[in-house]
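Undergrad: Got a structure here, written out as structure tokens. Questions coming.
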Amino acid sequence: MLTALPTPKILPQLIVADELPPQKEQSAMVIIMKHNATAQEIASTMNRVEELGFKPHPIIGEERTIIGVVGDERGLEPENFSILDGVERCMRILHPFKLASRDFHPDDSVVRINGVSFGTQTIPIIAGPCSIESREQLMESVHAVKEAGAKLLRAGAYKPRTSPYSFQGLGLKGLELLREAKEKYGLPTVTEVVSPTDVSLVAQYADVLQIGARNMQNFALLHAVGETQKTVLLKRGMMSTIEELIMAAEYILSHGNQRVLLCERGIRTYETATRNTFDINAIPVLKQLTHLPVIADPSHGTGKWDLVAPVARGAVAAGADGLIVEVHPNPAKALSDGGQSLKPEKFAEMVKQVRKIAEAVGRSV
Ligand code: PEP
Ligand code: MN
């Protein structure tokens, strides 16, 4: 005879709000000092910040000093500071990003790399092949891009490719060639780093560490580059929002490296006519929200060499602080991204065109 099994009693699991651990919200504030605040008043305001258990981040401007404070929300009350001598006012930073925010640092940040500045009226161009393939190919590329007006050389030694069967880069041999190119031609260099364990090695060979689109949210990698004092060129992930890009930059800044360049390189949309959709909006949005220089990559942004110059012109008109462009002496033979690489003479034409656009918007190339 079958006996009915007892019905199991499933009791709803209630989570009572006060059993949850208290949430520590990160909050941030800026203390804006009066323009005539004395050094003593600035020092005692910083002391007060430290006494309350926060770390002050002073920014000494020409007009006045601003002190940024990031920390646990509790205790970070504007009233604690607005009563101090020499303080004009305190403002909470409401964005999820703090150190990257323009509230925190109202002026444009200027990032200098061996005498080349990003974030000023002048717009430097970074150019070179997608990958380092051989000494001859690299030297021919750097010679051509320097001649045409590029201020930095780009070239990848470690290539994050969609297919494991595609060319992965020359690795250390590539880094050695990159150093040789810099010694011979004097252009500072930009190259990608794909793994946290490679950061210190790549930093010995290159001036700028590129974080590629596929690694924009590789937090271990962001942490590792954040602990260096090398400039980081941070590319927007192909499926990332502008806010996610800024939060990725915030990781680098919060680990102590303030030398960050943001890069719009196109995002994936439903459009198939181009490899990616270059998001021109990102340029003025990033300029509004952050103080960091914004670089445009019309090569990956379009995926087609004949669209690179028009999109480069548009990016400069929209306020980009720099361009990064792929150039190859023989694109048909390139081991990566040949279809979007400019021949040297096309690159030289592009430089002339963007120079005119820069002048029209009160800047120079
Ligand atoms: C590159 O710069 O060659 C590159 C791989 O770029 P992205 O990460 O933007 O695809
Ligand atoms: Mn490429």
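Residue 2 is where the sequence shown starts when you use this note's numbering, and the numbers rise one by one after that.
Where a beta carbon is used, it is the ideal one built from N, C-alpha and C, also for glycine.
Quick one: measure Cβ to Cβ for A29 and V88, integer angstroms, because I've assumed they're closer than 8 Å.
TA: One-based indexing of the sequence shown puts residue 29 at position 28. One-based indexing of the sequence shown puts residue 88 at position 87. In fact, because the Cβ distance is near 16 Å, the residues do not count as touching under 8 Å.
Undergrad: Would you mind working out which of L343, D322, P345 and P332 sits nearest V366, comparing C-alpha positions?
TA: Taking the first residue of the sequence shown as position 1, residue 366 is located at position 365. Nearest option by C-alpha distance: D322.
Undergrad: Considering only C-alpha positions, which residue in the set E346, P130, Y271 and R93 is nearest to G175?
TA: If you number the sequence shown from 1, residue 175 lands on position 174. Nearest of E346, P130, Y271 and R93 to G175, Cα basis: P130.
Undergrad: Measuring from each Cβ to the nearest heavy atom of ligand 1, keep the ones under 5 Å and list them in chain order.
TA: In chain order, the qualifying residues are C131, G213, A214, K236, R266 and H301.
Undergrad: For M34, which residues from the same chain have a beta carbon less than 8 Å from its beta carbon, with the 5 sequence-adjacent residues on both sides left out?
TA: Locating residue 34 in the sequence shown gives position 33, where the first residue counts as 1. The residues are E42, I43, T46, R65, T66, I67, I68, G87, V88 and E89.
Undergrad: Spatial neighbours of E141 within its chain, please: CB distance less than 7 Å, with the 5 preceding and 5 following residues excluded, ordered by chain position.
TA: Walking along the sequence shown from the start, residue 141 turns up at place 140. The residues are P330.
Undergrad: Flag this pair as yes or no: are the beta carbons of S102 and V111 separated by less than 7 Å?
TA: Residue numbering aside, residue 102 sits at position 101 when the sequence shown is read from its first letter. Residue numbering aside, residue 111 sits at position 110 when the sequence shown is read from its first letter. Their beta carbons are not under 7 Å apart, which means S102 does not touch V111 by this criterion.
Undergrad: What distance in whole Å lies between the Cβ atoms of H301 and L282, which are believed to be in contact at a cut-off of 8 Å?
TA: Translated into positions along the sequence shown, residue 282 becomes position 281. Translated into positions along the sequence shown, residue 301 becomes position 300. For clarity, residue 282 is Asn in the given sequence; the question names Leu instead. That pair is no contact at about 17 Å.
Undergrad: When the Cα of I243 is compared with those of R260, F220, A221 and I268, which residue comes out closest?
TA: Taking the first residue of the sequence shown as 1, we reach residue 243 at position 242. I243 has its Cα closest to that of I268, out of R260, F220, A221 and I268.
Undergrad: Let's see if you can read the secondary structure: which residues bound the alpha helix (DSSP H) around G69?
TA: Mapped onto the sequence shown, residue 69 falls at position 68. Taken as a continuous stretch (DSSP letters only), G69 belongs to no alpha helix (DSSP H), being part of the beta strand (DSSP E) at T66 to D73.
Undergrad: Going by alpha carbons, who is nearest to Q211 out of S132, K347, A359 and M92?
TA: Indexing the sequence shown from 1 puts residue 211 at position 210. When only C-alpha atoms are compared, the closest one is S132.
Undergrad: Assign L293 to one of three DSSP states: helix, strand, or coil.
TA: What you label residue 293 is simply residue 292 of the sequence shown in a count that begins at 1. Coil, per DSSP.
Undergrad: Ignoring anything shorter than 4 residues or poking outside the region 241 to 280, list the alpha helix (DSSP H) runs there in chain order.
TA: The region 241 to 280 contains these whole alpha helix (DSSP H) runs: 243 to 255.
Undergrad: Which residue wins for smallest C-alpha separation from D109, given the options A310, G157 and E63?
TA: Locating residue 109 in the sequence shown gives position 108, counting from the first residue. Checked all of A310, G157 and E63; the closest Cα to D109 is E63.
Undergrad: Look at I32 and C91 and say whether their C-beta atoms are less than 7 Å apart.
TA: Numbered from 1 along the sequence shown, position 31 holds the residue referred to as residue 32. Numbered from 1 along the sequence shown, position 90 holds the residue referred to as residue 91. Yes.
Undergrad: What are the boundary residues of the beta strand (DSSP E) that includes E89?
TA: Taking the sequence shown and counting its residues from 1, the one referred to as residue 89 is at position 88. That run of the beta strand (DSSP E) goes V88 to R93.
Undergrad: Ligand 2 and D109: does the residue's C-beta get closer than 6 Å to at least one heavy atom of that ligand?
TA: In the sequence shown, counting from the first residue as 1, residue 109 sits at position 108. Not so, every heavy atom of ligand 2 lies at least 6 Å from the Cβ.
Undergrad: How do the region 325 to 343 and the region 304 to 314 stand: do at least 3 beta-carbon pairs fall below 8 Å, yes or no?
TA: Enough Cβ pairs lie closer than 8 Å, so yes.
Undergrad: For L15, which residues from the same chain have a beta carbon less than 7 Å from its beta carbon, with the 5 sequence-adjacent residues on both sides left out?
TA: Along the sequence shown, one-based indexing puts residue 15 at 14. Bear in mind that the predicted position of L15 carries a pLDDT of just 49, short of 50, making it unreliable; the figure below should be weighed with that in mind. Correct list: empty, nothing qualifies.
Undergrad: Only counting runs of 4 or more residues, tell me where the alpha helix (DSSP H) segments fall wholly within the region 151 to 197, in order along the chain.
TA: 173 to 186, all fully within the region 151 to 197.
Undergrad: Over what stretch of residues does the beta strand (DSSP E) that includes A321 continue unbroken?
TA: Translated into positions along the sequence shown, residue 321 becomes position 320. Looking at the DSSP string, A321 is not in any beta strand (DSSP E), and its letter there is neither H nor E.
Undergrad: Mind checking whether the beta-carbon of D280 lies closer than 6 Å to any heavy atom of ligand 2?
TA: As a first step, residue 280 is located in the sequence shown; it is residue number 279 there, counting from the start. No, the Cβ of D280 stays beyond 6 Å of every heavy atom of ligand 2.
Undergrad: Give the secondary structure of A313 by DSSP, where H, G and I count as helix, E and B as strand, and everything else as coil.
TA: The residue you call residue 313 lines up with position 312 of the sequence shown. Three-state DSSP puts A313 in a helix.
Undergrad: With respect to 6 Å, is the separation between the Cβ of D86 and the closest non-hydrogen atom of ligand 2 below this value?
TA: Working through the sequence shown from its first residue, we reach residue 86 at position 85. It does not: the Cβ of D86 is nowhere closer than 6 Å to a heavy atom of ligand 2.
Undergrad: Can you give the Cα-Cα distance for G170 and E346, rounded to whole angstroms?
TA: If you number the sequence shown from 1, residue 170 lands on position 169. If you number the sequence shown from 1, residue 346 lands on position 345. Each residue's Cα considered, the two are about 25 Å apart.
Undergrad: Is the distance from the Cβ of V317 to the Cβ of F348 below 7 Å?
TA: Within the sequence shown, numbered from 1, the residue matching residue 317 stands at position 316. Within the sequence shown, numbered from 1, the residue matching residue 348 stands at position 347. Contact flag unset, no.
Undergrad: Are the CB atoms of I60 and H106 nearer to each other than 7 Å?
TA: Position 59 of the sequence shown, counted from the start, is the residue given in the question as residue 60. Position 105 of the sequence shown, counted from the start, is the residue given in the question as residue 106. Contact: yes.
Undergrad: Helix, strand or coil for M30? Go by DSSP, reduced to three states.
TA: Taking the sequence shown and counting its residues from 1, the one referred to as residue 30 is at position 29. Reduced to three states, the DSSP call for M30 is strand.
Undergrad: Note down, in chain order, each residue of its chain lying with its Cβ closer than 7 Å to the Cβ of A158, except the 5 sequence neighbours on either side.
TA: Taking the first residue of the sequence shown as 1, we reach residue 158 at position 157. Same-chain partners within the cutoff: I133, G170, L171, G172, G175, L176, L179 and T192.
Undergrad: Less than 7 Å between C-beta atoms, sequence neighbours within five positions excluded: which residues of the same chain meet that for K160?
TA: Looking up residue 160 in the sequence shown gives position 159. For K160, where only same-chain residues beyond five positions count, the Cβ hits under 7 Å are S132, F168, Q169, G170 and S337.
Undergrad: Can you find the residues in the same chain that come closer than 7 Å, C-beta to C-beta, to V146, ignoring five residues on each side of it along the sequence?
TA: Stepping through the sequence shown from its first residue, residue 146 is reached at position 145. Here the set comprises A128, G129, L154, V328 and F348.
Undergrad: Using 6 Å as the cut-off, classify the Cβ of D73 as near or not near the heavy atoms of ligand 2, replying yes or no.
TA: Position 72 of the sequence shown holds residue 73. No, Cβ of D73 sits at least 6 Å from all heavy atoms of ligand 2.
Undergrad: How is K344 classed by DSSP in three states: helix, strand or coil?
TA: Sequence index remark: in the sequence shown, residue 344 carries index 343 (1-based). Three-state DSSP puts K344 in coil, outside helix and strand.
Undergrad: Got a sec: does ligand 2 put a non-hydrogen atom nearer than 6 Å to the Cβ of D338?
TA: For the purposes of this step, residue 338 is taken as residue 337 along the sequence shown, with counting starting at 1. D338: yes, Cβ under 6 Å from ligand 2.
Undergrad: Measuring CB to CB, does T190 end up less than 7 Å from A207?
TA: Numbered from 1 along the sequence shown, position 189 holds the residue referred to as residue 190. Numbered from 1 along the sequence shown, position 206 holds the residue referred to as residue 207. Taking 7 Å as the Cβ cut-off, T190 and A207 qualify as a contacting pair.
Undergrad: Where does F55 fall in DSSP's three states?
TA: Position 54 of the sequence shown, counted from the first residue, corresponds to residue 55. If DSSP states are grouped into helix, strand and coil, F55 belongs with coil.
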